Amino acid sequence: MNINSWEMMIPLAFFAGTGVRVANELGAGNGKGARFATIVSVATSTAVGLVFWSLIIGFHDKIALIFSTSQVIQEAVNRLCILLSFSILLNSVQPVLSGVAVGSGWQALVAYVNIGTYYIIGIPCGLILGWIFEFGVQN
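Just so you know, the sequence shown maps onto residues 0 to 138 in numbering that gives the first Met the number 0.
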C-alpha cells in the first residue's frame, strides 16, 4: 500500500456509489436526480482530493517517514511530492465521472475511452517527457 492507493479507495467508492445512484435515478425516469447525484459526488470527491493534496503539500518533507528512514528516499519523495499531490487531485475526479458513465449505461464507451487515452495519450506523453525531454526521476 502507498499514499496514492490509500487516497484512491475513496474515489473508487464514489465510482461504485455514483454508478448505482445514477442508474437508479435514470431507471426511475429522474434525470434531475441523476444530475444532482453527479454534482454532489464530483464535488465531494474533489473536496477529498483537495484535502489529500493539502496534506501532501503541507507535509512534503515528512511524508516519506511513514515508509522509510533512509535519507535518500526522503529526498526523492520530497522532490516528487508535487507530482504526487496533483496526480491525487486529478485522479480523485476521474473514477466518479467513470461511475456516472457506467451508471448511464455507457460501459463500452468508458472502456474504449480508458484504453484510448492510455495508448493514444498516456504512453506517447510518457515517452516524450521521459526520453526526449528527460523528465524522468533523478537520483
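Where a beta carbon is used, it is the ideal one built from N, C-alpha and C, also for glycine. Everything numeric in this text was worked out from a predicted model, so none of it was measured.
Counting every other CB atom within 10 Å of its CB across the protein chains shown gives threonine 37 a total of 16 or more, marking it as buried. CA-to-CA, the gap between lysine 61 and threonine 68 works out to about 10 Å. Contact annotation: the segment 15-22 touches the segment 94-103, with at least three C-beta pairs closer than 8 Å. Annotated as proximal: phenylalanine 51 and isoleucine 87, with beta-carbon spacing under 7 Å.
For alanine 33, the closest C-alpha among the options Ala107, Ala100, Phe132 is that of Ala100. Taken through DSSP and simplified to helix, strand or coil, serine 53 comes out as helix.
CA-CA distance, tyrosine 117 to phenylalanine 85, rounds to 18 Å. For the pair isoleucine 9 and valine 47, the CB atoms are nearer than the 7 Å cut-off. Here DSSP, grouped into helix, strand and coil, assigns lysine 31 to helix. With a threshold of 16 other beta carbon atoms within 10 Å, serine 53 falls short and is exposed. Annotation: valine 39 to serine 4 spans about 23 Å, alpha carbon to alpha carbon. The beta carbon of isoleucine 55 lies closer than 8 Å to those of Ile2, Ile62, Cys80, Leu83, Ser84, Ile87 in the same chain, with the five residues before and after it left out.
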